[in-house]
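Protein chains: 2
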Amino acid sequence: MPTLADVAVLAGVSKATASRALGRPDLAAPETVARVRAAAEQLGFVPNRAATQLARGRTGVVAIVVPTLDNTFFTPIIGGAQARAAESGMQLTVAVHSLEHTSQLAAVEQLAHQVDGFLLTAPRGSDEIIRAAAAYKPTVLIDREIDGMPSTVADTATAFGALVGWFADKGHERIVYVGGPAGSWQDRQRQAAIRAAAEEGGVTLTMLGPYPSTFASGVAAADDVVAARATAVVPYATSIGLGLMFALMRRGVDDVVVSSERMVVDSLGLHDVPSIDVDGEKLGQVAMDQLMTLLGERKEAPEPTRQRLDVPLS
Amino acid sequence: MPTLADVAVLAGVSKATASRALGRPDLAAPETVARVRAAAEQLGFVPNRAATQLARGRTGVVAIVVPTLDNTFFTPIIGGAQARAAESGMQLTVAVHSLEHTSQLAAVEQLAHQVDGFLLTAPRGSDEIIRAAAAYKPTVLIDREIDGMPSTVADTATAFGALVGWFADKGHERIVYVGGPAGSWQDRQRQAAIRAAAEEGGVTLTMLGPYPSTFASGVAAADDVVAARATAVVPYATSIGLGLMFALMRRGVDDVVVSSERMVVDSLGLHDVPSIDVDGEKLGQVAMDQLMTLLGERKEAPEPTRQRLDVPLS
DNA sequence: ACCGGTTACGGAACCGGTTGCATGAGCCTG
DNA sequence: CAGGCTCATGCAACCGGTTCCGTAACCGGT
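Here it is as structure tokens:
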């Protein structure tokens, strides 16, 4: 494993110069930079991460905290964040915490000393816990907003409202919303948007739930959907909708429209079924970009920015 | 941020002694150990990871390389591995690579200098590429076996064979296997096991595919399943099976049994539908254990061990 | 020709732990 | 009671970069 010292010797300069030539080329003579680079190339030099971290006082690692990996909502987010992190030469570590509050804080505390910042997805949990966790290092919230904290959210509430409006326009009179997990921030936003849209559209709204975001939840909700004599359903998550469609079909009900995702709608060849598509990857990317800005500038009081991503309805 | 030096001063000992008291208590006097620990506790001392890494020449990080995060097969594996890594005070970084060979090797190369070892899930790719990647650092293969390399696999092939046997016993005469992605190692194993079981059970077997592991694949395969006049189907993945069940139900076919997972079977309240359940979490745990052994012992020629996890049929 | 100002570079301290080696105290054995 | 041994501990080097500071060369201007 060649070290910087080796490179320096080969290039005929000191460690200091070699370091500058590689890391801050503007501080060295162009000719020297070229020579050092050539030497590094020739030796296959790769800077030792630990040494760099130690010297600079930064770890070059950011963590993304997610409640679970089993939910396909989070995985694209991780993917997007990972891609952006890699572009900046940063590593991303994934920390999974159960949904218990204490565990979430514990996860953050344990990692706090080993990372430069956090991407925090905290669908539930109280604001206080999240603030406490974020006090350790620069943190960007994902898919949730809290006063004074930078965040990146998919504006699904608006999309859900539009969805209800769409159904109303199509003449549906009884609509059901199958709600998400208890305490979910997004669920609260969506409920509010849906209620408003239902009122405006003059449709009868039935709220079900709370339900966890699983296929089984959809199956379980089928009875209530039928009982409500609804003709259109807006499920909190794709998995719920899938289970619901499945259960309805199984009992021969075929006149209820369940909104879903583009991909599902297409692969099933459904007609007149609206879909909502959250671009999870982009969510992760944007959040990571925010964090990078935070880390790069290191303002004492970084302006908390709120990013809202449009969620297309189709 | 308190450092080891601070702890040492407070405990009235030297840095060296403090380090030993904390890291290798057997080398210090019990009374000293107690005093140092108390001091560390009081100061809230957390060792600087970078410094430790630099001094020891190890990074304390292992990477798990997966092709994608969108597939729910991989995520529990990551969870299991992460849990085990954390227990040993190691960090886990997740690297996503597309399925192209070059990209896989590139991902490993880039990370090689920053981690102590690899957990490699390489469902496709050639043996050579994988060997080349594994040459960089100790590596444990997941869900695939290659001569001379340590690996942890779920023995689904055996389970799939048993499944076909089960169907044969139940009197099914025409069975369809909906195959997985092209080039998949597991798919090859399963095909072989299924063929053998079909022959032994005297049933007619139709092999479909290759198909990617998606809901849409299942929907797409429905026509061929019907055409084969099969009464039982064994899909490569749960998602494929779900899509297939959906499509079949939609066209009113209700006399075809599609094997699935326990959870799906239960939530749908199906009867006489067999299921296969891979414990992904355990897969990740066992693989990580193997890697830890490899890293801990550092034998020059570590015995390549092959772990096969039983996959229950129910 | 002299001077203030820039530019390029080397020396050395430093980040925060770990560990080989030396020292000295205390104990056992003969 | 001396010699040898073990045990606990401190000193200092070291891991591999980064960066402050000092110096020497070189610039143009007066």
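Read top to bottom, the protein sequences are chains R and A.
For the first sequence, this note's numbering puts the final residue at 314, and the numbers step up evenly by one.
For the second sequence, this note's numbering puts the final residue at 314, and the numbers step up evenly by one.
Note that beta-carbon positions come from the ideal geometry of N, C-alpha and C, so glycine has one too.
Using DSSP bridges, identify the partner residues of residue i.
i, result
"phenylalanine 118(R)", "Ala63(R) and Thr139(R)"
"glutamine 91(R)", "Val61(R)"
"arginine 174(A)", "Thr204(A)"
"glutamine 307(R)", "Thr152(R)"
"isoleucine 276(A)", "Leu313(A)"
"serine 260(A)", "Ser275(A)"
"valine 96(R)", "Val66(R)"
With residue i and residue j assumed to form a contact (beta carbons below 8 angstroms), what rounded beta-carbon distance in angstroms separates them?
i, j, result
"glycine 44(A)", "methionine 90(A)", "At roughly 22 angstroms, the Cβ-Cβ gap does not stay under 8 angstroms, so glycine 44(A) and methionine 90(A) are not in contact."
"threonine 17(R)", "threonine 32(R)", "6 angstroms"
"alanine 134(R)", "leucine 111(R)", "No, alanine 134(R) and leucine 111(R) are not in contact; Cβ-Cβ is about 13 angstroms, not under 8 angstroms."
"leucine 248(R)", "alanine 222(R)", "6 angstroms"
"threonine 68(R)", "threonine 72(A)", "Not a contact, Cβ separation roughly 11 angstroms."
"leucine 92(R)", "valine 62(R)", "6 angstroms"
"glutamine 85(A)", "methionine 245(A)", "A quick correction: the sequence has alanine, not glutamine, at residue 85(A). About 37 angstroms; that fails the 8 angstroms criterion."
"glutamate 65(A)", "histidine 97(A)", "This sequence places valine at residue 65(A); glutamate is not what is there. That belief holds up - the Cβ atoms of valine 65(A) and histidine 97(A) are roughly 6 angstroms apart, short of 8 angstroms."
"glycine 218(R)", "glycine 252(R)", "The Cβ separation is near 17 angstroms, so there is no contact."
"alanine 198(R)", "leucine 205(R)", "4 angstroms"
"valine 83(R)", "glutamine 285(R)", "It should be pointed out that residue 83(R) corresponds to alanine in this sequence rather than to valine. So it is a contact: roughly 7 angstroms between Cβ atoms."
"serine 239(R)", "glutamate 261(R)", "So it is not a contact: roughly 10 angstroms between Cβ atoms."
Once DSSP output is grouped into helix, strand and coil, what is the label at residue i?
i, result
"methionine 207(R)", "strand"
"valine 233(A)", "strand"
"threonine 315(R)", "The question about residue 315(R) has no answer here: the residues shown for chain R are numbered 1 through 314."
"glycine 79(R)", "helix"
"isoleucine 129(A)", "helix"
"arginine 144(R)", "coil"
"glycine 12(R)", "coil"
"phenylalanine 160(R)", "helix"
"threonine 17(A)", "helix"
"leucine 270(A)", "coil"
"isoleucine 46(A)", "Reading off the sequence shown, one finds valine at residue 46(A), where the question assumed isoleucine. Note: valine 46(A) maps to coil in three-state DSSP."
"glycine 180(A)", "coil"
"valine 253(R)", "coil"
"arginine 124(R)", "coil"
"phenylalanine 246(A)", "helix"
"methionine 292(A)", "helix"
"phenylalanine 73(R)", "coil"
"arginine 56(A)", "helix"
"proline 2(A)", "coil"
If you draw a straight line from the alpha carbon of residue i to that of residue j, how long is it in whole angstroms?
i, j, result
"glycine 161(A)", "valine 264(A)", "21 angstroms"
"valine 203(A)", "arginine 195(A)", "10 angstroms"
"tryptophan 185(R)", "alanine 28(A)", "52 angstroms"
"alanine 327(A)", "serine 88(R)", "A query on residue 327(A) cannot be resolved here, the shown segment of chain A reaching from 1 to 314 and no further."
"proline 30(A)", "alanine 5(A)", "20 angstroms"
"isoleucine 78(R)", "valine 164(R)", "30 angstroms"
"arginine 190(R)", "aspartate 155(R)", "9 angstroms"
"leucine 294(R)", "leucine 309(R)", "19 angstroms"
"alanine 341(A)", "valine 36(R)", "There is no way to answer for residue 341(A), as the model of chain A reaches only from 1 to 314."
"valine 46(R)", "leucine 291(A)", "24 angstroms"
"valine 225(R)", "threonine 52(A)", "58 angstroms"
"alanine 34(A)", "alanine 50(A)", "26 angstroms"
"valine 212(A)", "glycine 180(A)", "Contrary to the premise, residue 212(A) reads as proline rather than valine in this sequence. Straight-line Cα distance between these residues: approximately 6 angstroms."
"leucine 208(A)", "alanine 159(A)", "19 angstroms"
"glutamate 109(R)", "aspartate 116(R)", "13 angstroms"
"threonine 305(A)", "arginine 131(A)", "16 angstroms"
"alanine 182(R)", "arginine 124(R)", "8 angstroms"
"alanine 192(R)", "aspartate 255(R)", "27 angstroms"
"aspartate 384(A)", "glycine 201(A)", "Outside the modelled stretch of chain A, which goes from 1 to 314, sits residue 384(A), for which no answer is possible."
"arginine 317(A)", "alanine 220(A)", "No answer is possible for residue 317(A): the residues shown for chain A start at 1 and end at 314."
"serine 19(A)", "alanine 95(A)", "33 angstroms"
"glycine 296(A)", "alanine 157(R)", "50 angstroms"
"threonine 214(R)", "tryptophan 166(R)", "25 angstroms"
"valine 258(R)", "glutamate 145(A)", "43 angstroms"
"asparagine 48(R)", "valine 153(A)", "34 angstroms"
Touching or not, the stretch 166 to 178 of chain R and the stretch 233 to 241 of chain R, by the rule of three or more beta carbon pairs under 8 angstroms? Judged by Cβ distances under 8 angstroms, the stretch 166 to 178 of chain R makes contact with the stretch 233 to 241 of chain R, as three or more pairs qualify.
For the stretch 121 to 140 of chain R and the stretch 267 to 274 of chain R, state whether three or more C-beta atom pairs, one from each stretch, are separated by less than 8 angstroms. no
Touching by the beta-carbon criterion (3+ pairs, under 8 angstroms), the stretch 306 to 313 of chain R and the stretch 40 to 54 of chain A: Flag = no, the stretch 306 to 313 of chain R and the stretch 40 to 54 of chain A do not touch.
Tell me whether the stretch 273 to 289 of chain R and the stretch 66 to 83 of chain R touch, counting them as touching only if at least three CB pairs, one residue from each stretch, are closer than 8 angstroms. Taking 8 angstroms as the limit for Cβ pairs, the verdict is that the stretch 66 to 83 of chain R does touch the stretch 273 to 289 of chain R.
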